[in-house]
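Student:
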Amino acid sequence: MRLKNSFNIHRCGQANLIVIIFTIIMFTGIILLFLSFLQERESRDYMNLYAHNLLLSILRSDTGYLDEGCKLVSDVIACSFSLKPWKCGNVIPCETLARQKVTKYLQEYGNLKKNYRYLFIVEPDKRIISYGMKKMTLKIGDESLENEKIEKIVANEKIQKIEHGSQKLLNVKIILAKK
Amino acid sequence: MVFGIIAAAFLVSFIVYYLQTYTGLQEDVQRGKILNNFEMICEDVYLTGNPVDFNQFSEIKFNLNFDVSEPPGIVSSMGKTPLKVMVLFSPGKRVFIDDGSLDMKWFKFRYVIAMPRSRVIFVPMKNTELVWSLIENITEHMPDSTGFKNRITFGFCSGNVLKENFCGEDGKDLCDKKEFLEKIKEKNAPGFFDCKKTVSNVNGEYRFIKISTSCTSPSRGLCVTLPDSNGIGRIYINGSKNYLIYKDALDIVSAIVGYDYKTIYGIAGENLYIYKNREFSKKISIAAEMMSNRAILIASEIENALRNGELDSDSMDAQCLPLFHRFAMLMNQIKSIISDKDYYTSLGTTITLKTKLDEIENLHSKMVISGCDYEI
Amino acid sequence: MKYKGQIQLMEQIITLFFIIIIIVFIIFFLTVWQVSRANVEKNRVEQRRAMNILKRMIVSEYLVKENSMFDDSKLTSMLDRCEDLEKLFGENWFAEIKIINGKNDIPCSPGVYDTNCNLWTYCKKKGNFTSYILPVNVYRKVGWIFRRGIVPKVYPAYIKVGVYHETKK
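Chains as they are written, first to last, in my numbering: chain F, 1 to 179; chain U, 1001 to 1376; chain S, 2001 to 2169.
Pasting the structure below:
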């Protein structure tokens, strides 16, 4: 009986010790969990603004060519979708110039946020049947981004042009994702 | 047991005392949060141009005032909450916040108005183009609460007839700004006599604005004289011995938003008018110097191009040179006039300022048409 | 048997020791938690302020031609006018606008219209800061000069706005 009691007392003490150690481990775990929430992440709000401004800045920039339909990046993109596209400065086809400029600007802006991947997509708006427009999708950048199931930041804009009495409406999208 | 009772009594009294203090602290903390939210939302409206209803002032008891002394801000039991953007503020439990701008062609003087549900009643004393033009100009610079709950509506009064409900699909609803501006074109006031209609103004909803060729201190609300040939007139507020000089619609709107309410800082309409003019002086001063420097920079670049033979002397840009020089000179004159702290209190100074501002506006429009500058 | 009491005593002492460790741990954790919360809050306030100044600058009539498109002549006119900018946007911040053209920084000078310069800096001083960067455009009034006229040009650029951390004096 006495032996059993002393054995039980040992067990009781050991059980206490185990509970205490378990509590310490739990607390450490909770602290680490809280600390992980303290890590700063770029806010969603800011990144949405960044993506939208990036898209707008690229579209509004000059290409360096002064002929009509070639002055701005949005102009050469619209020209790329024409059934009869022209050459800017009589030298370079619209689509080539559009790809050149967008790639260059994406690379240059990419240096500001090196830990992101970018994809630039243009396609005709499906709601408007535009005559004289090519049915194609222009994709510039990391094309694998489009179908990846990861957290993305997307910004949208429209390019609207009237050409020979007919309205051209293009949807432009930029997708950003962390590397 | 005795010890236990004593300890319990001590503990209970400590908790009760702490809760009392804490509740008071909690209320102040809540007030502080609401004021910060208000300030953030005003800034948001200023940046985005999207109006909102702000009802958080109804959540807790507030005693709010607007103090125009530097830095201008909203005064409450929490002290003064300064405002980062210009806000014409009239306290109320539920306020409507909208942005607006005074378009000077070369610059947009932007502002935010935050005011509670209001019925702005015009009392035109004459049926002339000038009267209707003034009413339209004032309304253009008021908030547009179409589709929102805290409505700022407009109407007319003449004699004992109060005409407010003549808008909406059935023609029986109150008029928000957009619809009222359409209705003004019909020039359909109930008459052109002083308003004798008594209204229950317990919630301070009604704001009466008499438009007349001459005014004296009105028995209620505001009396606004028609502008003279310089575009300048006077505003008389009930309860104020002085009149205020207006040179643009925003001077009148400031007085309307503040109205004739008596506060510890004086008559609210007068205070907001002073606030508007001080902000105008601060901002236009900086803008005038910037635009003057800008005009000189562009002119010097054109001169260089002419000198180097890169630009023909009969080109359009060469023709812009004298316009840029004149523009820079006028901007410097504006800056000099407005540097006088009390410029808005002197009729002579106001006339000079208005004349110069009109001249610059016309000059800039000419520059835009000529292709010398872009439209702002 | 003989050691039963000593064993019990040891267990109690060890248990007590661990309980004390836990209590000290909790106190330490709460203190660190409060301090880091205060720092996080301070950072958040500075971040919010930087974001607010950024949003106001990209629509400011003193600097832009249209939203997110700065006018180079306005930018140059406002160089060396930090005091005036502080009246508009508050104190303790800086802003940098740079044209992205692959070139090194060529700072613009006040009072000089230079079509080669690509960097405008306002209110910069030494210190740690929290900043945000945003793509924008710069409209250059004198882009191309031809005999028959001047044609403006729009460049891709970025704006960086930072708020200095407040230091105790």
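C-beta atoms are modelled at their ideal positions from N, C-alpha and C, and glycine is treated no differently.
#1: Where does the unbroken beta strand (DSSP E) through residue 964 of chain U begin, and where does it stop?
#2: So, using beta-carbon positions, are residue 1153 of chain U and residue 1164 of chain U closer together than 8 Å?
#3: Using the Cα positions of residue 2080 of chain S and residue 1273 of chain U, report the straight-line distance between them to the nearest angstrom.
#4: Can you find the residues in the same chain that come closer than 6 Å, C-beta to C-beta, to residue 2127 of chain S, ignoring five residues on each side of it along the sequence?
#5: Measuring straight from C-alpha to C-alpha, what distance separates residue 1298 of chain U and residue 1082 of chain U?
#6: Below 8 Å on the Cβ atoms is my guess for residue 1129 of chain U versus residue 1184 of chain U; work out the distance and round it to an integer in Å.
#7: For residue 2116 of chain S, return the contacting residues in chain U, with the cut-off set at a CB-CB distance below 8 Å.
#8: Distance cutoff 8 Å, beta carbons only. Does residue 2068 of chain S sit that close to anything in chain F?
#9: Would you please state the rounded distance, in angstroms, between the beta carbons of residue 74 of chain F and residue 2136 of chain S? I believe it to be under 8 Å.
#10: Report yes or no: is there a C-beta of chain U within less than 8 Å of the C-beta of residue 2052 of chain S?
#11: Could you round the C-beta distance between residue 48 of chain F and residue 174 of chain F to whole angstroms and report it? I think they count as a contact, below 8 Å.
#12: Can a CB atom of chain S be found closer than 8 Å to the CB of residue 180 of chain F?
#13: By the 10 Å Cβ neighbour count, where 16 or more other Cβ atoms means buried, how is residue 2044 of chain S classified, buried or exposed?
#14: Check the Cβ-Cβ distances between residue 2079 of chain S and every residue of chain F, and say whether any is below 8 Å.
#15: Is the CB of residue 61 of chain F under 8 Å away from at least one CB in chain S?
#16: Which whole runs of the alpha helix (DSSP H) in the segment 1339-1364 of chain U are 4 residues long or more, in chain order?
#17: Please classify residue 1229 of chain U: is it buried, with 16 or more other beta-carbons within 10 angstroms of its beta-carbon, or exposed?
#18: Compare the beta carbon distance of residue 2107 of chain S and residue 2076 of chain S with 8 Å and say whether it is the shorter of the two.
#19: Kindly indicate if chain U contains any beta-carbon less than 8 Å away from that of residue 2149 of chain S.
#20: Checking the sheet assignment: what are the DSSP bridge partners for residue 2138 of chain S?
#21: What is the residue span of the alpha helix (DSSP H) that residue 98 of chain F lies within?
#22: Just to confirm, are residue 1253 of chain U and residue 1138 of chain U a CB contact at a threshold of 8 Å?
#23: Note down the Cα distance separating residue 143 of chain F from residue 2102 of chain S, rounded to an integer number of angstroms.
#24: Hey, is residue 103 of chain F's beta-carbon within less than 8 Å of any beta-carbon in chain S?
#25: Taking only three categories from DSSP, how would you classify residue 86 of chain F?
#26: By the criterion of Cβ-Cβ separation under 9 Å, what are the contact partners of residue 65 of chain F in chain S?
#27: From the DSSP secondary-structure annotation, give me the bridge partner or partners of residue 1114 of chain U.
#28: Classify residue 2148 of chain S as buried or exposed, calling it buried when 16 or more other Cβ atoms lie within 10 Å of its own Cβ.
#29: Suppose you measure from the CA of residue 1336 of chain U to the CA of residue 1106 of chain U; what does that come to, to the nearest Å?
#30: Consider the Cβ of residue 2062 of chain S: report whether some Cβ of chain U lies at a distance smaller than 8 Å.
#31: For residue 2093 of chain S, which of helix, strand or coil comes out of DSSP?
#32: Considering Cα atoms alone, identify which of U:1260, U:1295, U:1013 is closest to residue 1090 of chain U.
#33: What are the residues in the segment 2084-2112 of chain S lying within 9 Å of chain F by C-beta distance?
#34: Per DSSP, what kind of secondary structure is residue 1189 of chain U in: helix, strand or coil?
#35: Please compile the residues from chain B whose C-beta is within a distance smaller than 7 Å of the C-beta of residue 1290 of chain U.
#36: To the nearest angstrom, how far is it from the Cα of residue 167 of chain F to the Cα of residue 68 of chain F?
Tutor: Reading from the atomic positions:
#1: As shown, chain U starts at 1001 and ends at 1376. That puts residue 964 of chain U outside it, with no answer to give.
#2: Position 153 of the second sequence, counted from the start, is the residue given in the question as residue 1153 of chain U. Position 164 of the second sequence, counted from the start, is the residue given in the question as residue 1164 of chain U. Less than 8 Å separates the beta-carbon of residue 1153 of chain U from that of residue 1164 of chain U.
#3: Taking the first residue of the third sequence as position 1, residue 2080 of chain S is located at position 80. Taking the first residue of the second sequence as position 1, residue 1273 of chain U is located at position 273. If I take the Cα positions, the gap works out to 32 Å.
#4: Here residue 2127 of chain S is taken as the residue at index 127 of the third sequence, counted from 1. So the list reads 2164, once near-sequence residues are dropped.
#5: For the purposes of this step, residue 1298 of chain U is identified with residue 298 of the second sequence, where counting begins at 1. For the purposes of this step, residue 1082 of chain U is identified with residue 82 of the second sequence, where counting begins at 1. Inter-residue distance for residue 1298 of chain U and residue 1082 of chain U is about 37 Å (C-alpha atoms, whole angstroms).
#6: For this step, residue 1129 of chain U is matched to residue 129 along the second sequence. For this step, residue 1184 of chain U is matched to residue 184 along the second sequence. Contact between residue 1129 of chain U and residue 1184 of chain U does not hold, since the beta-carbon distance rounds to 12 Å and is not under 8 Å.
#7: Here residue 2116 of chain S corresponds to residue number 116 of the third sequence, with the count starting at 1. Simply none; closest approach about 12 Å.
#8: Translated into the one-based positions of the third sequence, residue 2068 of chain S becomes position 68. Yes, residue 2068 of chain S counts as interfacial toward chain F.
#9: The residue given as residue 74 of chain F occupies position 74 in the first sequence. The residue given as residue 2136 of chain S occupies position 136 in the third sequence. Contact doesn't hold; Cβ gap of about 16 Å is too wide.
#10: Position 52 of the third sequence holds residue 2052 of chain S. At least one beta carbon of chain U lies nearer than 8 Å to the beta carbon of residue 2052 of chain S.
#11: Reading the first sequence from its first residue, position 48 is the one you call residue 48 of chain F. Reading the first sequence from its first residue, position 174 is the one you call residue 174 of chain F. Contact between residue 48 of chain F and residue 174 of chain F does not hold, since their C-beta atoms are separated by about 11 Å, which reaches or exceeds 8 Å.
#12: Past the edges of chain F, shown from 1 to 179, lies residue 180 of chain F, and the structure says nothing about it.
#13: The residue labelled residue 2044 of chain S in the question sits at position 44 within the third sequence. Exposed, because fewer than 16 other Cβ atoms sit within 10 Å of the Cβ of residue 2044 of chain S.
#14: Here residue 2079 of chain S refers to the residue found at position 79 when the third sequence is read from its first residue. Chain F contact via Cβ: absent.
#15: As a position in the first sequence, residue 61 of chain F is number 61, starting the count at 1. At least one chain S Cβ lies under 8 Å of residue 61 of chain F.
#16: Here no run is fully enclosed.
#17: Sequence index remark: in the second sequence, residue 1229 of chain U carries index 229 (1-based). Exposed, by the Cβ-count rule.
#18: Residue numbering aside, residue 2107 of chain S sits at position 107 when the third sequence is read from its first letter. Residue numbering aside, residue 2076 of chain S sits at position 76 when the third sequence is read from its first letter. Against a cut-off of 8 Å, the Cβ pair of residue 2076 of chain S and residue 2107 of chain S comes out as no contact.
#19: As a position in the third sequence, residue 2149 of chain S is number 149, starting the count at 1. Chain U contact via Cβ: present.
#20: The count along the third sequence starts at 1 and reaches residue 2138 of chain S at position 138. Under DSSP, residue 2138 of chain S shares a beta bridge with S:2070, S:2155.
#21: As a first step, residue 98 of chain F is located in the first sequence; it is residue number 98 there, counting from the start. Note, residue 98 of chain F: alpha helix (DSSP H), 94-110.
#22: As a position in the second sequence, residue 1253 of chain U is number 253, starting the count at 1. As a position in the second sequence, residue 1138 of chain U is number 138, starting the count at 1. Annotated as proximal: residue 1253 of chain U and residue 1138 of chain U, with beta-carbon spacing under 8 Å.
#23: One-based indexing of the first sequence puts residue 143 of chain F at position 143. One-based indexing of the third sequence puts residue 2102 of chain S at position 102. Rounded to whole angstroms, the gap between the alpha carbons of residue 143 of chain F and residue 2102 of chain S is 25 Å.
#24: Counting from 1 along the first sequence, the entry for residue 103 of chain F is found at position 103. Not one chain S Cβ lies under 8 Å of residue 103 of chain F.
#25: By 1-based counting over the first sequence, the position of residue 86 of chain F is 86. Under the three-state reduction of DSSP output, residue 86 of chain F falls in the coil class, being neither helix nor strand.
#26: For the purposes of this step, residue 65 of chain F is taken as the residue at position 65 of the first sequence. In chain order: nothing, as chain S lies at least about 11 Å away.
#27: If you number the second sequence from 1, residue 1114 of chain U lands on position 114. Here residue 1114 of chain U is bridged, per DSSP, to U:1089, U:1097.
#28: Reading the third sequence from its first residue, position 148 is the one you call residue 2148 of chain S. That one is exposed.
#29: Within the second sequence, numbered from 1, the residue matching residue 1336 of chain U stands at position 336. Within the second sequence, numbered from 1, the residue matching residue 1106 of chain U stands at position 106. Straight-line spacing of the CA atoms in residue 1336 of chain U and residue 1106 of chain U works out to 18 Å.
#30: Numbered from 1 along the third sequence, position 62 holds the residue referred to as residue 2062 of chain S. At least one beta carbon of chain U lies nearer than 8 Å to the beta carbon of residue 2062 of chain S.
#31: As a first step, residue 2093 of chain S is located in the third sequence; it is residue number 93 there, counting from the start. Three-state result, residue 2093 of chain S: strand.
#32: As a first step, residue 1090 of chain U must be located in the second sequence, where it is residue number 90. In terms of CA proximity to residue 1090 of chain U, U:1260 leads the group U:1260, U:1295, U:1013.
#33: Residues 2100, 2101, 2102.
#34: Stepping through the second sequence from its first residue, residue 1189 of chain U is reached at position 189. For residue 1189 of chain U, the secondary structure class from DSSP, reduced to helix, strand or coil, is coil.
#35: In the displayed structure, chain B is absent; the protein chains listed are F, U and S.
#36: As a working mapping, residue 167 of chain F is identified with position 167 in the first sequence. As a working mapping, residue 68 of chain F is identified with position 68 in the first sequence. Going from the Cα of residue 167 of chain F to the Cα of residue 68 of chain F covers about 17 Å.
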